[in-house]
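J.: Here it is: the structure, laid out below.
Protein chains in written order, with my numbering: chain Z, 656 to 942; chain X, 13 to 305.
In structure tokens, the structure reads:
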């Protein structure tokens, strides 16, 4: 039946397009963007697949091996290293905690200076923003690799790596929060004879503080995830053991470590979400 | 002014003591918070092996390290100095393009995976609770394990090279996008779907003609955002042998080829910034599409 409807509609196509115009027969650029764009994207995908050596044979063999690996993973078992893993997981959380905290504190002056309503010079603001972008644009793992050269292997390099990339993120977020703040309290404080610093402290800070705390907690969550993998390059935490056990083909241990990581991240997510709700109320969380 | 109203009465005394109590309570909470924070810092510092002595001793080293990163550029021999600094430019450029391609292919495959799974994970489109539950758990598994962990495992299964990197990005992206897509799907207006189904269309027709036109611009915007994230991610996958510019960066850092480090880092930063700007423009356009002309 639907076949008949379609044939009927196609037969009366000229009449439809005369009556409804663009809705039935879209303009040429629209048609081009509709068919050409997906075609180009798909062609690029195919070329990319060829470039990365995506042969069905290789995929098939790899999947077979992956199946073996997965079957070796059950049941997850820590071997006799459970104590070590728990300690490294503690180290991971410590790295995330200190890195986030230090980043949050050190970003404070930078965020204030990068805000348009604090220093109205656009060139200063522009260079501050780009500087923060550079800190943020480099992945935490790269920072970790560099700090290992400076302070040696171990969790301290991880703390510094998380701190530096967080300074970039927090600086940007703080300055945006400050720019979005209401300026009436600031005017009130100035009118009552307060200094610039008073205006910042009593006028702006109370407005932006809840937003800042919420963002710091949120970053603590996401940094815990980063801190679990930072050990892969040797910057402390559970990642080192994960990479080691994969290299040793100890798949039961690998599965156990992955589960430990997932549970820890889950617990921290839960706690920090609760804390955020408690601190600023559910309604403002999205802000 | 009526001064009588301002005179202290029993009522204001009660209010004042209430105010004092509230402030004391608030102060107590603040002190408690900072005490807990201090304890946390000390415990974390102890576990994290923070030795301030070492840090300050090494602080100078950081300065030396950074100054080593700066290549010797002189105004007179600027061209030659640049050429020496970027001696491996052709090689790095190819590796960088490979990295972007890895991110692209990974995002593409991940998009396909997430797209296929997202409709099953939307509670308003699928009747069976079990399908939704299963699809959501699969997406969760894909997205909660970090990309680089997948890369580590895939390198063992598929061998070294960009392929395991692409697959790692794809799996993680499928999980992340699938979840976002499903959330978009759950907010669509169901009346067009009902219309399609009422006029004899199948479930697939309902999704194609009822849901897809409503969600397409959102899907595209999320995918672009993910591509941006994946370019950053792909740059470090080389650390575990999964292809891309990360391999060269790792070698440069491990062997203390200082000027190579800064050269490659600058190239990565420039790429990330350019891709951010371009995708932001395109995403803004999609947002306008969504809000209507």
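In this text, a Cβ means the ideal position worked out from N, Cα and C, and glycines have one as well.
Below 8 Å CB to CB, which residues in the same chain sit around residue 152 of chain X once its five sequence neighbours on both sides are set aside?
T.: Counting from 1 along the second chain, the entry for residue 152 of chain X is found at position 140. Once the five neighbours on either side are set aside, the close Cβ partners of residue 152 of chain X are 187, 191.
J.: Tell me which residues share the same chain as residue 659 of chain Z and place their Cβ nearer than 6 Å to its Cβ, disregarding the 5 neighbours each side in the sequence.
T.: Start at 1 with the first residue of the first chain, and residue 659 of chain Z comes out as number 4. There are no such residues.
J.: Taking the alpha-carbon positions, what's the residue 674 of chain Z to residue 662 of chain Z distance?
T.: The residue given as residue 674 of chain Z occupies position 19 in the first chain. The residue given as residue 662 of chain Z occupies position 7 in the first chain. Taking the straight line joining both Cα atoms gives about 18 Å.
J.: Give a yes or no on whether the minimum CB-CB distance between residue 286 of chain X and chain Z is below 8 Å.
T.: By one-based count along the second chain, residue 286 of chain X stands at place 274. Not an interface residue.
J.: Mind pulling the chain Z residues with CB within less than 9 Å of residue 241 of chain X?
T.: If you number the second chain from 1, residue 241 of chain X lands on position 229. The premise fails here: residue 241 of chain X is roughly 10 Å from chain Z at the closest Cβ pair, so nothing lies under 9 Å.
J.: Assuming residue 114 of chain X and residue 177 of chain X form a contact by the criterion Cβ under 8 Å, report the distance between their Cβ atoms to the nearest whole angstrom.
T.: For the purposes of this step, residue 114 of chain X is taken as the residue at position 102 of the second chain. For the purposes of this step, residue 177 of chain X is taken as the residue at position 165 of the second chain. With 8 Å as the limit, residue 114 of chain X and residue 177 of chain X qualify as a contact, their Cβ atoms being about 5 Å apart.
J.: Going along the segment 777 to 793 of chain Z in order, which residues come within less than 7 Å of chain X, judged by CB to CB distance?
T.: Within the segment 777 to 793 of chain Z, the qualifying residues are 788, 789, 792, 793.
J.: Anything in chain X within Cβ reach of residue 749 of chain Z, meaning under 7 Å, just list it in chain order.
T.: Taking the first chain and counting its residues from 1, one reaches residue 749 of chain Z at position 94. Those are 56, 59, 60, listed as they occur along chain X.
J.: Could you give the residue range of the alpha helix (DSSP H) that holds residue 228 of chain X?
T.: Numbered from 1 along the second chain, position 216 holds the residue referred to as residue 228 of chain X. Segment 224 to 249, the alpha helix (DSSP H) holding residue 228 of chain X.
J.: Report the neighbours of residue 169 of chain X on chain Z: residues whose CB is nearer than 7 Å to its CB, in chain order.
T.: Taking the first residue of the second chain as position 1, residue 169 of chain X is located at position 157. Chain Z residues near residue 169 of chain X: 717, 720, 721, 724.
J.: Is residue 956 of chain Z helix, strand or coil by DSSP?
T.: Since the first residue of chain Z shown is 656 and the last is 942, residue 956 of chain Z is not available in this structure.
J.: Would you identify the three-state DSSP class for residue 926 of chain Z, choosing helix, strand or coil?
T.: Within the first chain, the letter at position 271 stands for residue 926 of chain Z. The answer is helix: DSSP assigns residue 926 of chain Z an H, G or I state.
J.: Based on Cα-Cα distance, which residue from X:274, X:166, X:119 lies nearest to residue 904 of chain Z?
T.: By one-based count along the first chain, residue 904 of chain Z stands at place 249. The residue with the shortest Cα to Cα distance from residue 904 of chain Z is X:166.
J.: Taking 8 Å as the CB-CB cut-off, is residue 247 of chain X touching chain Z?
T.: In the second chain, counting from the first residue as 1, residue 247 of chain X sits at position 235. Taking Cβ atoms only, chain Z reaches closer than 8 Å to residue 247 of chain X, which makes this a yes.
J.: Considering residue 720 of chain Z, what are the terminal residues of the alpha helix (DSSP H) in which it resides?
T.: Indexing the first chain from 1 puts residue 720 of chain Z at position 65. First-last of the alpha helix (DSSP H) with residue 720 of chain Z: 711 to 728.
J.: Would residue 264 of chain X and residue 257 of chain X qualify as a contact pair, given that the criterion is a beta-carbon distance under 8 Å?
T.: On the second chain, position 252 is the one that residue 264 of chain X refers to. On the second chain, position 245 is the one that residue 257 of chain X refers to. No, the pair does not count as a contact, with Cβ atoms beyond the cut-off.
J.: Touch check for the segment 850 to 866 of chain Z and the segment 815 to 834 of chain Z: three-plus C-beta pairs under 8 Å?
T.: They touch, by the three-pair rule.
J.: Where does residue 690 of chain Z sit, in a helix, a strand or coil, going by DSSP?
T.: Reading the first chain from its first residue, position 35 is the one you call residue 690 of chain Z. Looking at residue 690 of chain Z - three-state DSSP - the assignment turns out to be helix.
J.: Measuring CB to CB, does residue 919 of chain Z end up less than 8 Å from residue 751 of chain Z?
T.: In the first chain, residue 919 of chain Z corresponds to position 264, counting from 1. In the first chain, residue 751 of chain Z corresponds to position 96, counting from 1. Cβ atoms of residue 919 of chain Z and residue 751 of chain Z: not closer than 8 Å.
J.: Answer yes or no: do residue 885 of chain Z and residue 933 of chain Z have a C-beta to C-beta separation smaller than 8 Å?
T.: Taking the first residue of the first chain as position 1, residue 885 of chain Z is located at position 230. Taking the first residue of the first chain as position 1, residue 933 of chain Z is located at position 278. No; because the gap between Cβ atoms is not below 8 Å, this pair is not in contact.
J.: Checking 8 Å against the spacing of the C-beta atoms, do residue 62 of chain X and residue 811 of chain Z come in under that value?
T.: Translated into the one-based positions of the second chain, residue 62 of chain X becomes position 50. Translated into the one-based positions of the first chain, residue 811 of chain Z becomes position 156. The answer is yes: Cβ separation under 8 Å.
J.: Alpha carbon to alpha carbon, what distance is there between residue 911 of chain Z and residue 758 of chain Z?
T.: Here residue 758 of chain Z refers to the residue found at position 103 when the first chain is read from its first residue. Here residue 911 of chain Z refers to the residue found at position 256 when the first chain is read from its first residue. Going from the Cα of residue 758 of chain Z to the Cα of residue 911 of chain Z covers about 31 Å.
J.: Relative to the C-alpha of residue 202 of chain X, which residue among X:219, X:194, X:214, X:193 is closest?
T.: For the purposes of this step, residue 202 of chain X is taken as residue 190 along the second chain, with counting starting at 1. Among X:219, X:194, X:214, X:193, the Cα nearest to that of residue 202 of chain X belongs to X:219.
J.: Rank Z:814, Z:809, Z:733, Z:702 by C-alpha distance to the C-alpha of residue 117 of chain X and give the top, closest one.
T.: Here the question's residue 117 of chain X lines up with position 105 in the second chain. It is Z:702 whose Cα lies nearest to the Cα of residue 117 of chain X.
J.: Is it the case that the Cβ atoms of residue 707 of chain Z and residue 175 of chain X are separated by a distance below 8 Å?
T.: By one-based count along the first chain, residue 707 of chain Z stands at place 52. By one-based count along the second chain, residue 175 of chain X stands at place 163. Yes.
J.: With 9 Å as the C-beta to C-beta threshold (strictly closer), list the residues of the segment 809 to 836 of chain Z near chain X in chain order.
T.: The residues in question are 809, 810, 811, 813, 814, 815.
J.: Kindly indicate which three-state DSSP category residue 184 of chain X falls into: helix, strand or coil?
T.: Locating residue 184 of chain X in the second chain gives position 172, where the first residue counts as 1. DSSP places residue 184 of chain X in helix when its eight states are reduced to three.
J.: If you draw a straight line from the C-alpha of residue 234 of chain X to the C-alpha of residue 108 of chain X, how long is it?
T.: Taking the second chain and counting its residues from 1, one reaches residue 234 of chain X at position 222. Taking the second chain and counting its residues from 1, one reaches residue 108 of chain X at position 96. Approximately 23 Å between the Cα atoms of the pair.
J.: Kindly list, in the order they appear in chain Z, the residues whose Cβ is closer than 9 Å to that of residue 173 of chain X.
T.: On the second chain, residue 173 of chain X is found 161 positions in, with the first residue counted as 1. Correct list: 707, 708.
J.: Looking at C-alpha atoms only, which residue of X:91, X:60, X:267 is the closest neighbour of residue 890 of chain Z?
T.: Position 235 of the first chain, counted from the start, is the residue given in the question as residue 890 of chain Z. Considering only alpha carbons, the answer is X:60.
J.: Looking only at C-alpha atoms, which of X:171, X:212, X:193, X:236 sits nearest to residue 713 of chain Z?
T.: Against the first chain, residue 713 of chain Z aligns to sequence position 58. Taking only the C-alpha atoms, the option nearest residue 713 of chain Z is X:171.
J.: Determine the extent of the alpha helix (DSSP H) in which residue 80 of chain X is found, giving its start and end residues.
T.: Counting from 1 along the second chain, the entry for residue 80 of chain X is found at position 68. Residues 64 to 81.
J.: Between X:216, X:231, X:207, X:210, which has its C-alpha nearest residue 194 of chain X's C-alpha?
T.: Your numbering for residue 194 of chain X matches position 182 in the second chain. It is X:231 whose Cα lies nearest to the Cα of residue 194 of chain X.
J.: Where do the ends of the alpha helix (DSSP H) carrying residue 830 of chain Z lie?
T.: Taking the first residue of the first chain as 1, we reach residue 830 of chain Z at position 175. Residues 810 to 834.
J.: Report the neighbours of residue 804 of chain Z on chain X: residues whose CB is nearer than 8 Å to its CB, in chain order.
T.: Counted from its first residue, the first chain places residue 804 of chain Z at position 149. In chain order: 77, 265, 268.
J.: Among X:144, X:214, X:161, X:50, which residue has its Cα nearest to the Cα of residue 131 of chain X?
T.: Looking up residue 131 of chain X in the second chain gives position 119. Measuring from the Cα of residue 131 of chain X, the nearest candidate turns out to be X:144.
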